[in-house]
Amino acid sequence: MTYYSLVFPLFFAAAVLVFWLVPPKARPAVLLAASAVYMAGWGALSLGVLAGVTLVTWACGRGLAAAKTTAGRRVFLVLGLLGSAGYLFARKAVPLFAPGVSLLAVTGLAFYALQAAAYIADLYKGKCPVQKNLLTYAVYVSFFPRILSGPIGRPEEFFPQLENLCSGSRRCEPQRLRRGLVTMLGGWAEKLVISNLLSAWVTPIYARWTECSAPVVLVGGLGFAFSLYFDFAGYSHLALGASRVLSIDLPANFRRPFFAQSMGEFWQRWHISLSGWLRDYIYIPLGGSRHGPLRRTLNLIATFVVSGLWHGSAWHYLFWGLLHALLQIAGILTKPLRRPFAGRGGAVMVWVRRAFVTFCFAVTLVFFNASSVAQGFGMIGRMFSGAAGLGPLDLGVSGTELAFAALGLVIAFVLDLVAEKAEAQGSCLYDRFAALPGAVRTAALLVLAVTVLVFACRLVGGDAASFYYAQF
Amino acid sequence: MKGFLLRLAAFVLAALVLFAGVLGLSAFAPFSEIFAKLTDSTGYSASASEEIGAHIANVQADDGATALILGDSVCWQVFDPFSLCNTAYRIDGSNRAVTLAGQYLLAKAFLDAHPGATDVYLILTPDSFAAGFDAGYGYQYAAAPFAAAGLLDGLDETTRAELNAAYGAPFLTKDFVRWADASPLVKKLYLNALEVLPDKESQGALPAMAARNLENLAALCEERGAAFHLLCAPLADSEARRTSMAALEEAFRRAGLYDSYATYFTCTPWYDPALFGEDGVHFDNATADMDFYAQVIRDIQAATGLLDGLVLSYD
Numbered sequence: 000m001t002y003y004s005l006v007f008p009l010f011f012a013a014a015v016l017v018f019w020l021v022p023p024k025a026r027p028a029v030l031l032a033a034s035a036v037y038m039a040g041w042g043a044l045s046l047g048v049l050a051g052v053t054l055v056t057w058a059c060g061r062g063l064a065a066a067k068t069t070a071g072r073r074v075f076l077v078l079g080l081l082g083s084a085g086y087l088f089a090r091k092a093v094p095l096f097a098p099g100v101s102l103l104a105v106t107g108l109a110f111y112a113l114q115a116a117a118y119i120a121d122l123y124k125g126k127c128p129v130q131k132n133l134l135t136y137a138v139y140v141s142f143f144p145r146i147l148s149g150p151i152g153r154p155e156e157f158f159p160q161l162e163n164l165c166s167g168s169r170r171c172e173p174q175r176l177r178r179g180l181v182t183m184l185g186g187w188a189e190k191l192v193i194s195n196l197l198s199a200w201v202t203p204i205y206a207r208w209t210e211c212s213a214p215v216v217l218v219g220g221l222g223f224a225f226s227l228y229f230d231f232a233g234y235s236h237l238a239l240g241a242s243r244v245l246s247i248d249l250p251a252n253f254r255r256p257f258f259a260q261s262m263g264e265f266w267q268r269w270h271i272s273l274s275g276w277l278r279d280y281i282y283i284p285l286g287g288s289r290h291g292p293l294r295r296t297l298n299l300i301a302t303f304v305v306s307g308l309w310h311g312s313a314w315h316y317l318f319w320g321l322l323h324a325l326l327q328i329a330g331i332l333t334k335p336l337r338r339p340f341a342g343r344g345g346a347v348m349v350w351v352r353r354a355f356v357t358f359c360f361a362v363t364l365v366f367f368n369a370s371s372v373a374q375g376f377g378m379i380g381r382m383f384s385g386a387a388g389l390g391p392l393d394l395g396v397s398g399t400e401l402a403f404a405a406l407g408l409v410i411a412f413v414l415d416l417v418a419e420k421a422e423a424q425g426s427c428l429y430d431r432f433a434a435l436p437g438a439v440r441t442a443a444l445l446v447l448a449v450t451v452l453v454f455a456c457r458l459v460g461g462d463a464a465s466f467y468y469a470q471f
Numbered sequence: 000m001k002g003f004l005l006r007l008a009a010f011v012l013a014a015l016v017l018f019a020g021v022l023g024l025s026a027f028a029p030f031s032e033i034f035a036k037l038t039d040s041t042g043y044s045a046s047a048s049e050e051i052g053a054h055i056a057n058v059q060a061d062d063g064a065t066a067l068i069l070g071d072s073v074c075w076q077v078f079d080p081f082s083l084c085n086t087a088y089r090i091d092g093s094n095r096a097v098t099l100a101g102q103y104l105l106a107k108a109f110l111d112a113h114p115g116a117t118d119v120y121l122i123l124t125p126d127s128f129a130a131g132f133d134a135g136y137g138y139q140y141a142a143a144p145f146a147a148a149g150l151l152d153g154l155d156e157t158t159r160a161e162l163n164a165a166y167g168a169p170f171l172t173k174d175f176v177r178w179a180d181a182s183p184l185v186k187k188l189y190l191n192a193l194e195v196l197p198d199k200e201s202q203g204a205l206p207a208m209a210a211r212n213l214e215n216l217a218a219l220c221e222e223r224g225a226a227f228h229l230l231c232a233p234l235a236d237s238e239a240r241r242t243s244m245a246a247l248e249e250a251f252r253r254a255g256l257y258d259s260y261a262t263y264f265t266c267t268p269w270y271d272p273a274l275f276g277e278d279g280v281h282f283d284n285a286t287a288d289m290d291f292y293a294q295v296i297r298d299i300q301a302a303t304g305l306l307d308g309l310v311l312s313y314d
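Protein sequence lines, in the order shown, are assigned to chains A and B. Residue numbering for the first sequence follows numbering that gives the first Met the number 0, starting at 0 and increasing by one per position. Residue numbering for the second sequence follows numbering that gives the first Met the number 0, starting at 0 and increasing by one per position.
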């Protein structure tokens, strides 16, 4: 079951209804039951591993809290990290060095393993209290709105909210429900309209890049960046919206990344929960920027290589991570040179910088989505070769579909502009929307809902692409 | 909270009504094509309805024919090349998805339009008897075209009830069929909704529906004074085909139909499997030509003593 399964709206409505109807103290049990049902849809193995990781890390957390010596605490730290992320690391790393060997994939593990590891690490550092209640901890690890693709949660943002819900101090409010449902509708639109249309066009370009003309490969590279963004941002908005309906606020995972003016800023806007996790649990423990330029450089490389490995167990993912480390290092090295120009050039330079960042990211993504590093280099070479070949309408996607994808991109761009401006003024896109006259709001939401329903028909009877990040 | 829930329910209802409006709009040009592309429904065209609709129009044509040849795609492959040089024979082989119920309706339409008809031939491979009202091609070939032509009432009550159970009575009306044929989006949604229903268990080589319609066809011909002939289409002489033929023969015996249609089993035209294409069912078009098909028909004529006067040349 995913957010766009036909059965999901029924499942979600039932879960929400029961959640708000039972006494507050029973709410965690409802959430856990709903999460178990949701996960069971992915098979017994996925459910079993989730239960195993939950039990092992909870027990390690109890042991860590009870340990009286540093050595004892360290033992439970190591056990807890192995119990949470050990299998994930092995699944990603083993195929690199033993080609042909593939460990079993477990749905959602790449996300909840990091949450469990964050709990153990925070507990060790004294940043969060031990969670004695297994039920509460199990809800933290398995919370179904985010279990497939995040955002990756942290103990300090989740446990207090769950306690408020249990105590009854947080109630079912129409404002929250409305905002949650509108956010979900937006997420569906991002995924079903923009991402899926672009994906239908981009996938054959990657499969037949040697036959495509240079401009098609170039625009296809850019198209994949947008397709991936709207796929993952769509999922994240669905997770945020669904959680909000349950009165739990999750951290935002995206903040208009293509508006970033440097690669450093980009990673503060793209997959924020993973970037923050890597920063807090890999980069900073390695020393961060505290031990000189060389150590900082090595730490950056290590962090981004881990990021690449997290995304996939293949060398082209690692190469993608390495490229981003190099871009970060280049950004740091050229900072003194760029400093005199900072703030100059007005709006034109702002957009030039944004375009440059987007272009750099799109180019690195070619290695991400290619099947090998060699294909990545081949595609980039072809992009700038001037080669003739298949045109944009020779790939099984009609002009009508491309026109709608372009229209979706334009609308999303305008909304991002409004959101960027609103955020600069201490507001947000939803507040701007809520300030519109009621009739305009209703009309806009109806158009959006019908558009989503129409494009959901693409999923009927076909092999619709799943959420990209769910495969990690 | 109550007010919010009421507004939410009204919103969902309004969205569904608007979506229904989109489905209605999707039956009209140019929206039909636009929505088909946007919803990836272009593969759900009206081609099956057009194909079987043409057969229905053909058998109803006032052309002076006195004999009708119906059958599956092997019958079509062998006999259709000679359809234009025959005036006494109306040749309308189609495919197995039409089912025995569809073949019955085609024959009935022919007999209604040709009161002086003398012979009706049904030429099938053994697999074609097993075709039923499935979610795949059944609706498109056996139900929708006949519903559009207003012919479904010609079936017996049991078969009509089976059709209604399989596809739903509202979806067997002229209006819905025409809507679905005009809107690939509507057809896609409907056909995929059918796929959600559990598959029916296989009813063996000769399902009750096939046996019933075969008997109905024979009775109809007798009532109209026409001779009915069930003939076997050419088969590859392979173990698989021999096995399926034996299973069908056994099913005919169990149903008490063998004696009436013994010719089907005793005059089976077996051919070297090398002459057939990859599916082992149809002749390989790369090697088979008009002369070859004419010889196949002559073999059938010689074995059965039927199909008298069928013209096998354009000379």
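All residues carry an ideal CB built from backbone N, CA and C; glycine is no exception.
Sequence-distant residues of its chain with Cβ nearer than 6 Å to residue i (five each side left out)
| i | result |
| --- | --- |
| A:Ala-324 | Leu-299, Ile-300, Phe-303 |
| A:Ala-463 | At A:Ala-463, the pLDDT of 40 sits below 50, so the modelled position is not reliable; the number obtained from the coordinates is stated separately. So no residue of the chain qualifies. |
| A:Leu-322 | Thr-363 |
| B:Gln-139 | Ala-47 |
| A:Gly-79 | Thr-56, Cys-59, Ile-119 |
Residue i versus residue j: straight-line alpha-carbon distance, rounded
| i | j | result |
| --- | --- | --- |
| B:Ala-209 | B:Phe-128 | 6 Å |
| B:Gly-2 | A:Leu-133 | 38 Å |
| A:Phe-7 | A:Gly-344 | 49 Å |
| A:Gly-99 | B:Ala-45 | 47 Å |
| A:Ala-387 | A:Gly-380 | 13 Å |
| A:Glu-400 | B:Gly-203 | 45 Å |
| A:Leu-332 | A:Gly-377 | 29 Å |
| A:Val-409 | A:Pro-256 | 16 Å |
| B:Ala-34 | A:Ser-34 | The displayed chain sequence assigns Phe, not Ala, to residue 34 of chain B. For B:Phe-34 and A:Ser-34, the distance between alpha carbons rounds to 36 Å. |
| B:Phe-81 | B:Ala-245 | 31 Å |
| B:Tyr-263 | B:Leu-69 | 15 Å |
Run of the beta strand (DSSP E) containing residue i, from where it starts to where it stops
| i | result |
| --- | --- |
| B:His-228 | 226-231 |
| B:Tyr-88 | 88-92 |
| B:Ala-148 | Premise fails: B:Ala-148 is in no beta strand (DSSP E) and is neither H nor E. |
| B:Asp-118 | 118-123 |
| B:Gly-70 | 66-70 |
Limits of the alpha helix (DSSP H) - the one that residue i falls within
| i | result |
| --- | --- |
| A:Tyr-123 | 108-124 |
| A:Cys-456 | Careful: A:Cys-456 lies outside any alpha helix (DSSP H) and carries neither H nor E. |
| A:Leu-147 | Careful: A:Leu-147 lies outside any alpha helix (DSSP H) and carries neither H nor E. |
| A:Cys-59 | 43-65 |
| B:Phe-175 | 173-181 |
| B:Ile-51 | 46-59 |
| A:Gln-174 | 173-188 |
| B:Asn-215 | 207-223 |
| B:Leu-33 | Here residue 33 of chain B turns out to be Ile, not Leu, going by the sequence shown. Its alpha helix (DSSP H) spans residues 30-37. |
| B:Thr-157 | 156-166 |
Own chain residues within Cβ distance below 7 Å of residue i, not counting five before or after
| i | result |
| --- | --- |
| A:Thr-202 | none |
| A:Gly-263 | Gln-327, Gly-330 |
| A:Ser-83 | Val-52, Thr-56, Ala-112, Ala-115, Ala-116, Ile-119 |
Residues near residue i by beta carbon distance below 8 Å, same chain, minus five either side
| i | result |
| --- | --- |
| A:Arg-175 | Arg-243, Val-244, Ser-246 |
| B:Met-0 | none |
| B:Phe-30 | Leu-24 |
Partner residues on chain A for residue i, Cβ-Cβ distance less than 7 Å
| i | result |
| --- | --- |
| B:Leu-17 | Leu-445, Val-449 |
| B:Asn-191 | Val-459, Gly-460 |
Where residue i meets chain B, residues with beta-carbon distance less than 9 Å
| i | result |
| --- | --- |
| A:Phe-454 | Leu-37, Thr-38 |
Within chain B, partners of residue i - CB distance below 8 Å
| i | result |
| --- | --- |
| A:Gly-425 | What A:Gly-425 touches in chain B: nothing, since even the nearest Cβ is about 27 Å away. |
Residues that residue i contacts on chain B, provided the C-beta gap is smaller than 7 Å
| i | result |
| --- | --- |
| A:Arg-457 | Thr-38, Asp-39 |
Per-residue contacts from residue i into chain A (C-beta, under 9 Å)
| i | result |
| --- | --- |
| B:Val-21 | Val-449, Leu-452, Val-453 |
| B:Met-208 | Within chain A, no residue comes near B:Met-208; the closest Cβ sits about 26 Å away, beyond 9 Å. |
Per-residue contacts from residue i into chain A (C-beta, under 8 Å)
| i | result |
| --- | --- |
| B:Leu-188 | Cys-456, Val-459 |
Beta carbon proximity, residue i to chain C, threshold 8 Å
| i | result |
| --- | --- |
| B:Phe-3 | No chain C is present in this structure, whose protein chains are A and B. |
task = Run through the stretch 245-302 of chain A for me and flag every whole alpha helix (DSSP H) of 4 or more residues, listed as ranges in chain order.
result = 262-265, 271-277
request  = Could you name each continuous alpha helix (DSSP H) segment of 4 residues or more that falls completely within the stretch 241-306 of chain B, going from the start of the chain to the end?
outcome  = 261-265, 289-303
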